[in-house]
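Below is one structure; the comments refer to it alone.
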């Protein structure tokens, strides 16, 4: 017989939603939401998770309920998560454990015998929210075997919560992106002052910090002409423009398009290292109002650093990462340091044909097919550029 949910009126549901949306700011998180849901459903234990526990990771799950001290979550992750039959539920559909596995069959499993029965748990109601083909959020309520079965009332409550759980998931993901943006900026600016430039959809400069403005005014490898960024080297400028246009046109903050490029500086041994990436939605939200909201809003960010030249230590690392020969690694580093093939040939006293042969094998080993892509790969692999 299905158990009716008591007192689920508009006020109770409104209080439950308020606790859900504000739960991120509690310590520990979401305790009011979990307690209210436990009261409404008569559960022994309620869980809200953003990463399912597994043997490699204990997960990111928040609980409330009876006997939490005895419920060894790490032991579940390490020993029982692989045995749990109640995983990978259909996206957004409330399901009970008994829907998937009859009670008689459940009692025959090691998971029931060794994990559920010692804690007087046999009934589970769950909801999974998927994102990009994986379970990104899970909600569970557990009852004892002697308690009334979960019925349509409880499933209806979970169905009402489903769109709100998706909104909470998006908020958590955007917070993670903010942390990622901050970590990226910190990693790339850890050793030297960093030039930062924001570009709008038309690839025009919307903002530049003092370091970037100083570089642009000097024309030190990079200039601002009619609002656009232009490399002082004509050959490198073609690659730069392709890169900038792709990042400024990218939709929905597709940060997978992040690319690095090295630009030579006239008369200088070391060039400029640039990381260009579309702004994530979280980063756009963090901008000042003048950089948001219309066609002139910032769409991409350019980080600029003047590094020490990549050295022998980086060469050894490249050899290990991509199984390059010493000659191939030396060539890749020289290109990343902003040298042309002619300059490398003269510096190493080898012919251009020899370098081209080494370049072809380097392409094969690294999985790229252009010099600009190779430079980007090297900078991203052995420096702080993303």
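In the numbering used here, the protein residues as written are 1318 to 1703. All C-beta atoms, glycine included, are put in the ideal place defined by N, C-alpha and C.
The beta strand (DSSP E) spanning residue i covers which residue range?
i	result
residue 1617	1615–1622
residue 1567	Note, residue 1567: premise wrong, no beta strand (DSSP E); not H, not E.
residue 1356	Where residue 1356 is concerned, there is no enclosing beta strand (DSSP E), although the alpha helix (DSSP H) it sits in stretches over 1348–1358.
residue 1590	1589–1595
residue 1528	Here residue 1528 belongs to no beta strand (DSSP E); instead the alpha helix (DSSP H) covers 1527–1535.
residue 1546	1545–1548
residue 1539	1539–1542
residue 1379	1378–1382
Between the Cα of residue i and those of the options, spot the shortest distance and give me the residue it belongs to.
i	options	result
residue 1514	1639, 1431, 1561 and 1666	1561
residue 1329	1693, 1355, 1345 and 1567	1355
residue 1457	1476, 1528 and 1451	1476
residue 1517	1545, 1430, 1416 and 1487	1545
residue 1490	1650, 1658, 1667 and 1341	1341
residue 1412	1380, 1539, 1671 and 1442	1442
residue 1478	1444, 1524, 1427 and 1487	1444
residue 1380	1455, 1400 and 1492	1455
residue 1646	1358, 1678, 1576 and 1668	1678
residue 1460	1596, 1553, 1432 and 1362	1362
residue 1431	1406, 1401 and 1466	1401
residue 1674	1690, 1558, 1648 and 1575	1648
residue 1592	1350, 1346, 1694 and 1487	1694
residue 1337	1698, 1488 and 1525	1488
residue 1519	1464, 1585, 1539 and 1559	1559
residue 1424	1439, 1365 and 1638	1439
residue 1347	1676, 1538 and 1366	1366
residue 1549	1565, 1577, 1521 and 1585	1585
residue 1359	1349, 1382 and 1418	1382
residue 1465	1415, 1433 and 1333	1415
residue 1621	1463, 1429 and 1525	1525
residue 1529	1576, 1540, 1512 and 1343	1512
residue 1638	1668, 1696 and 1661	1696
residue 1552	1589, 1689 and 1595	1689
residue 1435	1462, 1406 and 1587	1462
residue 1429	1446, 1403, 1644 and 1595	1403
residue 1483	1410, 1590 and 1417	1410
residue 1523	1565, 1669 and 1538	1565
residue 1698	1650, 1671, 1666 and 1658	1650
residue 1538	1556, 1659 and 1588	1588
For a test of the three-state rule: what should DSSP assign to residue i, helix, strand or coil?
i	result
residue 1579	strand
residue 1475	helix
residue 1508	For residue 1508, the pLDDT reaches just 37, beneath the cut-off of 50, and the residue's location in the model is therefore unreliable, leaving the point undetermined.
residue 1673	helix
residue 1366	strand
residue 1335	helix
residue 1403	coil
residue 1321	Its pLDDT being 47, under 50, residue 1321 is placed unreliably in this model, and the value from its coordinates should be taken loosely. Residue 1321: coil per DSSP, three-state reduction.
residue 1326	coil
residue 1497	Note on residue 1497: pLDDT 49, under 50, position unreliable in the model; no value is reported.
residue 1685	coil
residue 1695	helix
residue 1690	helix
residue 1502	Bear in mind that the predicted position of residue 1502 carries a pLDDT of just 47, short of 50, making it unreliable; the figure below should be weighed with that in mind. Looking at residue 1502 - three-state DSSP - the assignment turns out to be helix.
What are the boundary residues of the alpha helix (DSSP H) that includes residue i?
i	result
residue 1518	That residue, residue 1518, is in no alpha helix (DSSP H); it is neither H nor E in DSSP.
residue 1647	1643–1653
residue 1660	1658–1665
How about residue i: is its C-beta nearer than 9 Å to some C-beta of chain D?
i	result
residue 1651	You won't find chain D in this structure, because it holds only one protein chain.
- Query: Touching or not, the region 1681–1695 and the region 1615–1622, by the rule of three or more beta carbon pairs under 8 Å?
  - Reply: no
- Could you tell me which uninterrupted beta strand (DSSP E) segments, each at least 3 residues in length, are contained entirely in the region 1413–1469, listed from first to last along the chain? 1440–1448 and 1451–1460, all fully within the region 1413–1469.
- Query: Do the region 1580–1591 and the region 1642–1660 meet, that is, are 3 or more Cβ pairs less than 8 Å apart?
  - Reply: Result yes; three or more Cβ-Cβ pairs closer than 8 Å.
- Message: Check whether the region 1467–1474 and the region 1448–1455 touch, using three or more Cβ-Cβ pairs below 8 Å as the test.
- Response: no
- Query: Would you call the region 1533–1553 and the region 1631–1644 in contact, with 3 or more CB pairs under 8 Å?
  - Reply: no
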